[in-house]
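Engineer: Please see the structure below; I have some questions.
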Amino acid sequence: MIPRNYREMFDELNRKNEEFEKILARMKGADELSTKDVLSMDDLTPKDIELIFRITLPFKEFLKRPDKKIPLLKGKSTIQFFFETSTRTRVSFELAGKHLGADTINVGKADSSIGEKGETLNDTALTLDAMRADCIILRHSRAGTPQMIAKEIQAPVINGGDGWHEHPTQTLLDLYTIYEKKGRLKGIEAVIVGDILHSRVAGSLMRGLKKMGVRVRVCGPATLMPCGVEKVFGVKVYHNLDEAIQGVDVAYALRIQAERGATGEIPTVREYSKQYVINERRLKLAKPDAIVMHAGPVIREVDITTQVLEGPQSVVQEQVTNGFAVRLALLSLLVMGKPGGDGKQKTLAEVK
Ligand code: CP
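Under the numbering used here, think of the first position of the sequence shown as 1, with each following residue one higher.
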């Protein structure tokens, strides 16, 4: 007779194989992404976004298991090339790569030949490509750098945030979270609040929400509102949060980007927070089942009050978990591609 602890281990392995097969079957039955790189939300079609969500669903289930290894990317390598600090994006990509069985490496300015030795970013990317890296995730303070290196190299490039421009994987997890909570995206009413001007989160979010049929309002001081945002992104501009939050399904707060000079564009942080913090009184003006979102890191009492952040309508922690699942799905799709098979593609509603 097999001892109990071994039997439990075998059962766990069997269950894991079933989950593994489920993810593979879902990938076989799916189309491939229409893009090699994810540099902007403009690179992804609504069909690509649905495909990423379909693969995210089983990964989210998989993350509940005690053993989270699923070696879809065994023998592959991913490089996190981060020139700005990060907790959520870098750690979740690194952990996702590790859970998928890939070898993951972190490279930054200080510990590469870019710093003191003066190698260019393009030459560094070519060097990593020559080592047959299978995916590069780049975060950089300059807008356009992921696009620049993606043109030069063979490996897929994921934009982990470029300057004030875009942060597409943040938007993918945000869209997934809204879909999970509301059961739809089309027709949802959302308000994005705060430092729209310096926010790459807002840059991708406005593109992604509009692409998926969400009606978007943006609200913040005039000094933190990009010129022409209404026309470029088809959003409605507000400067008064009490008006902007009326009847919305989603209230999305942004952080004041002090490191990009935003505090010089407002009288004081205290004055700003009086006008733009999402607090309980303001949240009551939204729909009763509205959700509160933030990409993090949150500046409590400036972006969102602690009461709201830790309250029942906040989904900020779930955004982090979903970010992990979405990045597992995205890495699998970009690095592994389609593993063969001719299964019929199902709609998102069918696989749920
Ligand atoms: N949301 C986000 O990009 O957070 P990090 O800067 O911690 O990665």
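Idealized CB from N, CA, C, for every residue including glycine.
This one's a predicted model, so the numbers in the text were calculated from it and none came from an experiment.
(1) Once you ignore the five residues that flank Ala143 on each side, which residues in its own chain have a CB closer than 7 Å to its CB?
(2) Going straight from the alpha carbon of Phe81 to that of Ile23, what length do you get?
(3) Please indicate yes or no: does the CB of Gly397 lie closer than 7 Å to some heavy atom of ligand 1?
(4) Apart from the five residues just before and just after Val38, which ones in its own chain have a Cβ nearer than 6 Å to its Cβ?
(5) Distance cutoff 8 Å, beta carbons only. Does Thr127 sit that close to anything in chain B?
(6) For Ile291 and Leu126, I'd like the C-alpha separation in whole angstroms.
(7) Buried or exposed, going by whether 16 or more other CB atoms sit within 10 Å of the CB of Ala202?
(8) Can you tell me whether His99 is helix, strand or coil according to DSSP?
(9) Cutting at 8 Å between CB atoms, please list the residues of its own chain near Val308, excluding the five before and the five after it.
(10) Give the straight-line distance between the Cα atoms of Leu51 and Leu333, rounded to the nearest whole angstrom.
(11) Report yes if the C-beta distance between Lys211 and Phe233 is below 8 Å; otherwise report no.
(12) Between His198 and the rest of its own chain, which residues show a CB-CB distance below 8 Å, the 5 nearest in sequence each way excluded?
(13) Give the DSSP-derived three-state secondary structure of Gly161 in the structure shown.
(14) Determine contact between the region 52-70 and the region 112-130, defined as no fewer than three beta-carbon pairs at a distance below 8 Å.
(15) Just the Cα atoms here: how many angstroms apart are Arg90 and Ala96?
(16) Name the two residues that bound the continuous beta strand (DSSP E) containing Ala190.
(17) By the DSSP assignment, the alpha helix (DSSP H) with Lys210 in it spans what residues?
(18) Near Thr35, what residues of its chain come up, given a Cβ to Cβ distance below 8 Å and the 5 sequence neighbours on each side ignored?
(19) Is the region 57-75 in contact with the region 98-108, if contact means three or more CB pairs nearer than 8 Å?
(20) Which partner residues of Val250 appear in the DSSP bridge assignment?
(21) Got a sec? Which residues, its chain only, sit under 6 Å from Glu94 by beta carbon, not counting five neighbours each side?
(22) Considering only residues of the same chain and omitting the five flanking positions on each side of Gln170, which have a CB-CB separation below 7 Å?
(23) Can you tell me whether Gln275 is helix, strand or coil according to DSSP?
(24) Ser332: beta carbon under 7 Å from a heavy atom of ligand 1?
(25) On the CB-based measure, 16 or more other CB atoms within 10 Å of its CB, does Pro66 come out buried or exposed?
Structural biologist: Reading off the structure:
(1) Asp162, Gly163, Trp164 and His165
(2) 28 Å
(3) Nothing about residue 397 can be reported from this structure: the residues present for the chain run from 1 to 352 only.
(4) Closer than 6 Å at the Cβ level, and outside the excluded window around Val38, lie Ile158 and Pro168.
(5) Judged by its chain identifiers, the structure shown contains no chain B, having just a single protein chain.
(6) 43 Å
(7) buried
(8) Reduced to three states, the DSSP call for His99 is helix.
(9) Same-chain partners within the cutoff: Ile278, Asn279, Glu280, Leu283, Val292 and Ser314.
(10) 9 Å
(11) no
(12) Trp164, Leu224, Gln257, Arg260, Gly261 and Ala262
(13) DSSP places Gly161 in the strand class (E or B) of the three-state scheme.
(14) Between the region 52-70 and the region 112-130 there are fewer than three C-beta pairs closer than 8 Å, too few to call the two in contact.
(15) Taking the straight line from one Cα to the other gives about 10 Å.
(16) Glu189 to Val193
(17) From DSSP, the alpha helix (DSSP H) with Lys210 extends over Arg200 to Lys211.
(18) Non-local C-beta neighbours of Thr35 in its own chain, meaning closer than 8 Å and more than five positions away in sequence, comprise Asp43, Leu44 and Asp48, ordered along the chain.
(19) Judged by pairs of C-beta atoms under 8 Å, the region 57-75 touches the region 98-108, as three or more such pairs exist.
(20) Ala190 and Ile291
(21) Gln80 and Thr104
(22) Val201, Ser204 and Ala295
(23) helix
(24) no
(25) exposed
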